[in-house]
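Residues in the sequence shown are numbered consecutively from 57, following the working numbering. Glycine included, each C-beta is placed from N, C-alpha and C at the ideal position. Since we're looking at a predicted model, the values are computed, not measured. Following: one structure in C-alpha cells, then a few remarks.
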Amino acid sequence: MLPWKETESIFLTYPKDYCRTVDRSDETRDLDSLNEGKRPLVIILAWTSAIERHMRLYSKIFEDEGYITLISICPVMVAFWHQDIMHEIAQKLVNTIEENNLYDNPTIIQLFSNGGAMQYEFFMKALKRNRKFLNVKGVIFDSLPAKTNFRNYFKAIHIMRGGTSEAKSALMTASLFTGWRMRNFFRYIINRDFFVWDSWEYLKNEENISPQHFIYSRADAVTPYQCTRFACLCSEMWSALSPLGNFPLTRLQSAYSLSGGD
C-alpha cells in the first residue's frame with residue numbers, strides 16, 4: 057500500500073572527522089575555522105517513496121570523502137496530492153542550511169527521478185524567495201527528467217505498489233492522474249503562480265547556474281532511458297560535471313554498485 061501518513065524527512069550529516077580540533081594559545085578551535093576552504097556540501101533530493109537506508113548508500117560515499125550531506129525525502133502523498141506542503145519542506149531545507157552556516161560551502165546538488173526534480177523546483181524557488189544564494193559547483197541529474205504522462209505515472213505507481221496487478225495499478229493511475237490534472241488546472245486558474253508539476257519543462261527553462269551531469273540506466277523501469285534527449289534539448293547548458301576538490305566524479309559509481317543500480 058502507499059504510505060498515506062508519512063512525514064517529510066531531512067537529514068544533515070557531518071563527516072566523522074569534522075570535529076577534529078587543535079590546541080593553540082590554550083584555546084580549542086574547530087579545524088575548519090583555521091582553514092581557508094570550507095567543507096563541500098552535497099544536497100541529495102530523493103525520489104518519491106525513497107526510504108532513508110537507500111539514500112544513506114549514496115550519502116555515505118560523500119561522507120567518507122569528508123563531505124557534509126543534506127538529504128531530503130518527500131512523502132508519496134505529498135508529491136501526488138499535497139504539493140502546497142512542498143513549500144514548507146523547501147523552507148525547512150533553506151532554514152537548515154542557514155542555521156548551519158552552509159551557504160558559502162561549495163555545493164553539489166544531486167536529484168533522483170522526478171520526485172527529486174519536484175523538490176528541486178520548490179527548493180530553488182524558496183532560495184529566491186528568501187534572497188539566499190548557494191555556492192553551487194554542479195548538479196547531478198539521476199534518472200530524470202521524464203515527461204509527466206499517463207505511461208510514466210503508471211510505471212511509478214505500479215512499482216510503489218509492488219505486488220499489485222497491472223489492472224489495479226492502471227485503475228489507480230487513471231484516478232490519481234485525472235484528479236491530479238484537474239486539481240492543478242483549477243489551482244492554476246485561482247493562482248497562476250501555483251506549482252504545476254512538469255519537471256521536463258521547468259528544468260529545460262531553468263537558468264543554468266552550474267555544470268550539469270546526467271546519469272541514466274537502460275534498466276530503469278520508471279524513467280525511460282531515451283530521456284537522455286533532454287540533455288540534447290539543453291545542449292547549450294549541458295556539460296560534464298568537473299571534479300570538486302579532490303573528489304573525482306567517477307567515485308559515484310561505487311554508490312550504484314552498493315545499491316544494485318546499473
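Once the 5 residues before and after residue i are set aside, which same chain residues still bring their CB inside 6 Å of it?
i, result
"Ile124", "Tyr70, Arg95, Leu97"
"Phe241", "none"
"Phe168", "Ala102, Trp103, Asp198"
"Gln166", "Ile100, Ile196"
"Glu262", "none"
Let me know the secondary structure DSSP gives residue i once reduced to three states.
i, result
"Leu158", "coil"
"Phe189", "coil"
"Ile141", "helix"
"Glu121", "coil"
"Arg112", "helix"
"Arg237", "helix"
"Glu177", "helix"
"Lys148", "helix"
"Ile107", "coil"
"Lys260", "helix"
"Lys94", "coil"
"Ser89", "Bear in mind that the predicted position of Ser89 carries a pLDDT of just 45, short of 50, making it unreliable; the figure below should be weighed with that in mind. In the structure shown, Ser89 sits in a helix (DSSP, three-state: H, G or I)."
According to DSSP, which residues form a beta bridge with residue i?
i, result
"Ile196", "Gln166, His269"
"Ser221", "DSSP, once it has assigned bridges, lists no residue as partnering Ser221."
"Ser128", "Ile66, Leu101"
Just to confirm, are residue i and residue j a CB contact at a threshold of 8 Å?
i, j, result
"Asn186", "Asn161", "no"
"Tyr176", "Leu101", "yes"
"Val195", "Ser266", "yes"
"Glu119", "Phe67", "no"
"Val134", "Ile127", "no"
"Val150", "Lys193", "no"
"Met111", "Ile99", "no"
"Leu113", "Pro201", "no"
Leaving out five residues on either side along the sequence, give the residues of the same chain with a beta carbon under 7 Å from the beta carbon of residue i.
i, result
"Gly172", "Leu101, Ala102, Trp103, Leu200"
"Met238", "none"
"Asn156", "Leu68"
"Thr152", "Ile66, Leu68, Leu126"
Short of 8 Å in beta carbon distance, which residues of its chain neighbour residue i, apart from the five on each side in sequence? Order them along the chain.
i, result
"Thr163", "Pro96, Leu97, Val98, Ile99, Leu190, Asn191, Val192, Lys193"
"Ser65", "Glu108, Ile127, Ser128, Ile129"
"Asp338", "The shown model of the chain, from 57 to 318, leaves out residue 338, and the question about it has no answer."
"Ile245", "none"
Three or more C-beta pairs closer than 8 Å, one from the region 169–182 and one from the region 142–151: is that the case here?
-> yes
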